[in-house]
Amino acid sequence: KYFTDLFDYLPLTAIVDNQIFCLHGGLSPSIDTLDHIRALDRIQEVPHEGPMCDLL
């Protein structure tokens, strides 16, 4: 249980060396800027739809 709960706290995206944007899933049509990503409430289970779901 603790291991799977850990995934609710991992970062959604990363920027490497201020040049490379990394994410697991794809870009979300509802996200226009990095500030939109920063504003997402990450500490929760991943929803089945919406911006967070799109990124993952």
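For the sequence shown, the UniProt record's numbering gives the first residue as 1, with consecutive numbering after it.
The beta-carbon is built from N, C-alpha and C at its ideal position, and this holds for glycine as well.
Helix, strand or coil at residue i according to DSSP, with G and I counted as helix
i	result
Leu55	helix
Residue i burial status per 10 Å Cβ neighbour count (16 or more: buried)
i	result
Ile37	buried
Boundaries of the beta strand (DSSP E) in which residue i is found, first to last residue
i	result
Phe21	20-23
Ile15	13-16
Endpoints, the alpha helix (DSSP H) within which residue i is located
i	result
Ile37	34-38
Nearest-angstrom beta carbon gap, residue j and residue i [assumed within contact, 8 Å]
i	j	result
Asp54	Gly26	6 Å
Alpha-carbon to alpha-carbon, residue j and residue i
i	j	result
Thr13	Arg42	11 Å
Leu56	His24	5 Å
Phe3	Gln44	14 Å
Met52	Val46	7 Å
Ser30	Glu49	11 Å
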